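Notes follow once the structure below has been shown.
Chains as they are written, first to last, in the working numbering: chain A, 111 to 421; chain B, 25 to 270; chain C, 28 to 451.
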């Protein structure tokens, strides 16, 4: 077995949690050596990547660049010839994994939540259809698999060590995509990543008017308001309140999800909450798989009754 | 400028999904389909970018929803609709192959498609297509501006962070959200398009492209370990009291 | 632009006639005034649309101002719209286009026949074609087009409500064939929890009465009347085609509807597209026609003070004020109290003409919701129960009861629920 190559994702000078999740997963597969490719000056932090036996240092800029990073990853794969390449199923990962697999002519599995090796092949489970279906695929190595956040325990991969570092050398890119700047989000009035209790609303809230009910509840529970992406896109809530893949990662002691279906992109942002209560009139909503408590009721009925009770 | 928008017909998640008899696919009998919502955003973004004299061409694979998607796109302002015939492969690999053939038949300055779809098990179309065509691609884009022969795009990262890139055209963009919500296509206008406009066709030649993997099983995620379902307000209040938030 | 020759009167600075001071400075009656110096462009844009012509007829008598329910809580009505158009309002790009609930009270009192029921859909259609649709409405229209209901719920779930009722409900899509009564259930009865309550009550009442009835099943789609009034004629035509085919497939003696909007559509607008006159009755008319049989079955009592809200589309639009009242009064124990604005003068709940899905926009232009104003009226006449017979109304009025702080004062019930409570 020619081992696993993990493409290490980083932002603002630190490795993302998912990098350690993938390293942990790679180790647990026991299909050979685990190597990792780190970009730019992140290779200097190879001590954090102790779960890998080799770190490949790709001389790219520290700022993510789709062309550069995909080309470097390709070069890394050609150098190490792994059987399995793990890339994060994230914004950056989309621009690495897909061109990587396409240019190498190897298969790709997306939205993966688990991998089992099986005689030269890999059995992967993917979360598709907004989280409503788990799909199992068998893919022969070498293959690229994109891992969803939360598929594996990050701590398993957080191992200090001194893996050998090898330099990838210069990677040629046509330079058609040029990084300009990174823009931090507006803090807004509340940093929901620090909130103790969150009342989060989703499409089920109906209209902008109807947000009031949830706000009243939040008030009574001394909670902050949060939301899923559609409400930000519609302009009803500020971006600073968005929970999910391209929003905030929150860890409140209580997360109350109202009218949120539970698509994987949202779950990613709130699954670390200590307790999750979900209210959604659709009893098949995926949110109920990750929630601790649920009610398949109309959220307005529940809110109004609850508000009455609490007052 | 000529823009291409790639559209896909996908299962509507408003429905309860069931596994088919073979156990390797979604049961499509009775299942409602619709335009991939991200592709709708891609179309909207193209329409917003297109100016006087520009062309927005909508492309999709032939099938049940093709006419509706293309006619709706034209009703919204797209100039032409092209239906790809001769391929039934709905894998990203097959789609990328089919679209690259159709797109190669003309010059396009910017190709937009949705960032992902609910069923793209073997990868996201935008970057795969771009790799096939040797074009630059940025995915997860929520803002696009054009400046001569380049596009300025905003790519979303987690935590609300956004990275700006400059991209040389021609290029492919995977659209997460258009700058404005997709516009409304009045039904009368769509019907008018259906009655008066001729949709074009492009014959795709045998695509050997496949996902390279096979589906061996499909199941609804186990609910074991899922939520404890509460019935009635009292139980909910009890839980809240127990958590000390009331 | 003057149409008349005005005599050129000269004012005298000082004039006292017979002891009365008519000096020119303050008494400007004699000065020629332009009456028609307005730019008619914006008015013409409306009146040139098919259906928009009657707007021209307004001669500013202001009868409609007192009648318009929106003016009661804002500043609206045909007279004011005419004035604003004269002064350069682009109606197609203005919130005023969407505030009209098409309740018909203005037309009822208008001596010139200025017909908002024609003007509004015509102007709204133009606005939609130009891409000016309020976001809330766009979502609703998309839902109706995709799913056949304004909520955006799966069409497959349209008959879910039938599971909660003790009696079987014949689903004609699964058990086709002739039926005496084809009951067109409607969106809110099918999908809204309070509508489900009324739908189940209807099933029980039908069973007690031995009515041979059936429902269309999952294939039933929105009647389209409100969507027609929002300017989506294309969508309305599609819905008519679809529903008409289902009606034809299921031969029936009577087409009973739960919803006055469906009643209006089927009676007044479907026929011109399909060429068919439907044997349509609102459920209150159907039951009122069986009142003797009903009386024999009403063993329970409903000893409450009940007031009835005339739904615009059954009452004012179609002239039916008695059937619902007959039903209410026939229930033992009921004391029927009328509100001030009742029957022809009934005050609109705000749900018609698309209003059901425009509360966000309306809130910015009114001091309170029409439904809140109506609820306060019901409370003022001493009612304990506000009886309704339009599926839009239960949810509107229950929300209004809460927002006006009248939860312990006024209960909202569909007439069928009251009958169901007392039928034995």
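Where a beta carbon is used, it is the ideal one built from N, C-alpha and C, also for glycine. This structure is a prediction, so every number in the text was calculated from the model and none was measured.
TODO: Kindly indicate if chain B contains any beta-carbon less than 8 Å away from that of residue 29(C).
DONE: Because the pLDDT of residue 29(C) is 45, which lies under 50, any placement of that residue in the model is unreliable, and the number read from its coordinates should be weighed accordingly. For residue 29(C), the answer is no, since every Cβ of chain B falls outside 8 Å of its Cβ.
Task: Helix, strand or coil at residue 56(B) according to DSSP, with G and I counted as helix - done: If DSSP states are grouped into helix, strand and coil, residue 56(B) belongs with coil.
Task: Candidates 112(B), 57(B), 155(B) and 68(B), of which the one nearest residue 27(B) by Cα - done: From the listed residues 112(B), 57(B), 155(B) and 68(B), the smallest Cα separation to residue 27(B) is found for 68(B).
Open item on the list: Please give me, in chain order, every unbroken run of the beta strand (DSSP E) with length at least 3 that falls completely inside the stretch 338-379 of chain C.
Closed with: 362-364
Open item on the list: Output needed for residue 103(B): all residues of its chain with C-beta closer than 7 Å, excluding positions within five of it in sequence on either side, in chain order.
Closed with: Excluding sequence neighbours, residue 103(B) sits near 79, 80 and 81.
TODO: Could you tell me which residues DSSP puts in a beta bridge with residue 188(B)?
DONE: 291(A) and 178(B)
Open item on the list: If the cut-off is 8 Å on Cβ atoms, which residues from the stretch 354-371 of chain A count as contacting chain B, listed in chain order?
Closed with: 355, 356, 357, 358, 359, 363, 364 and 371
Open item on the list: Please report the distance separating the alpha-carbon of residue 273(A) from that of residue 160(A).
Closed with: 6 Å
- [ ] For residue 15(C), name the three-state secondary structure that DSSP assigns.
- [x] No answer is possible for residue 15(C): the residues shown for chain C start at 28 and end at 451.
Open item on the list: So within the stretch 170-246 of chain C, which uninterrupted beta strand (DSSP E) runs reach at least 3 residues, ignoring any that extend past its ends?
Closed with: 206-211 and 240-242
TODO: Please classify residue 29(C): is it buried, with 16 or more other beta-carbons within 10 angstroms of its beta-carbon, or exposed?
DONE: At residue 29(C) the pLDDT is 45, less than 50, meaning the model places this residue with poor confidence; the figure from the coordinates comes in the next sentence. Residue 29(C) comes out exposed.
Open item on the list: Less than 8 Å between the beta carbons of residue 112(A) and residue 196(A), yes or no?
Closed with: No, Cβ-Cβ distance for residue 112(A) and residue 196(A) is not below 8 Å.
Task: Segment contact, 8 Å Cβ cut-off, at least three pairs: the stretch 263-275 of chain C with the stretch 290-306 of chain C - done: yes
Open item on the list: Pull the bridge partners of residue 209(A) from the DSSP assignment, please.
Closed with: Answer is none; residue 209(A) lacks a bridge partner.
Open item on the list: Suppose you measure from the CA of residue 44(B) to the CA of residue 240(B); what does that come to, to the nearest Å?
Closed with: 13 Å
Task: Under 7 Å from the C-beta of residue 318(A): neighbouring residues of chain C - done: Residues of chain C with a Cβ closer than 7 Å to the Cβ of residue 318(A) are, in chain order, 387.
Task: When 112(C), 135(C), 191(C) and 48(C) are compared against residue 465(C), the one with the closest alpha-carbon - done: Outside the displayed span of chain C (28 to 451) sits residue 465(C), for which this structure offers no information.
TODO: Under the assumption that residue 224(A) contacts residue 235(A) (Cβ atoms under 8 Å), give the Cβ distance between them as a whole number of angstroms.
DONE: Indeed, because the Cβ distance is near 5 Å, the residues count as touching under 8 Å.
Open item on the list: Do residue 190(B) and residue 107(B) count as a contact pair if the criterion is CB distance below 8 Å?
Closed with: no
TODO: Could you tell me whether any Cβ in chain C is nearer than 8 Å to the Cβ of residue 408(A)?
DONE: Chain C contact via Cβ: present.
Task: Endpoints, beta strand (DSSP E) assigned at residue 86(C) - done: Per DSSP, residue 86(C) belongs to no beta strand (DSSP E) and is neither H nor E.
- [ ] Check distances from the C-beta atoms of the stretch 280-306 of chain A to those of chain B and list, in chain order, the residues that come in under 9 Å.
- [x] 284, 285, 286, 287, 288, 289, 290, 291, 292, 293, 294, 295, 296, 303 and 306
Open item on the list: Just checking: is the beta-carbon of residue 163(B) within a distance shorter than 8 Å of some beta-carbon in chain A?
Closed with: yes
- [ ] Could you give the DSSP three-state label for residue 41(B): helix, strand or coil?
- [x] In this structure, residue 41(B) counts as coil in the three-state DSSP scheme.
Open item on the list: Counting only beta-carbon separations shorter than 8 Å, does residue 442(C) have a partner in chain B?
Closed with: No, no contact with chain B.
Task: Any beta strand (DSSP E) of 3 or more consecutive residues that is wholly inside the stretch 326-389 of chain A - done: 334-337, 364-368 and 385-389
Task: From 67(C), 407(C), 251(C) and 153(C), residue whose alpha carbon lies closest to that of residue 381(C) - done: When each option's Cα is compared against that of residue 381(C), the closest is 251(C).
- [ ] Could you have a look at residue 47(B) and say whether DSSP puts it in helix, strand or coil?
- [x] coil
Task: CA-to-CA distance, residue 216(C) to residue 190(C), given in whole angstroms - done: 14 Å
Task: Buried/exposed call for residue 170(C), threshold 16 Cβ in 10 Å - done: buried
TODO: Round the Cβ separation of residue 201(A) and residue 180(B) to the nearest angstrom and send it over; I've been treating them as touching at under 8 Å.
DONE: 6 Å
Open item on the list: On the DSSP letters alone, give me the boundaries of the alpha helix (DSSP H) that residue 93(B) sits inside.
Closed with: 90-100
Task: the stretch 367-378 of chain A / the stretch 400-413 of chain A touching (three or more Cβ pairs under 8 Å) - done: yes
TODO: State buried or exposed for residue 265(C), treating a residue as buried only when at least 16 other CB atoms are found within 10 Å of its CB.
DONE: buried
Task: Endpoints, the alpha helix (DSSP H) within which residue 212(B) is located - done: 211-220
TODO: Would you check if the stretch 170-183 of chain A and the stretch 284-295 of chain A touch, i.e. whether three or more CB-CB distances between them fall below 8 Å?
DONE: yes
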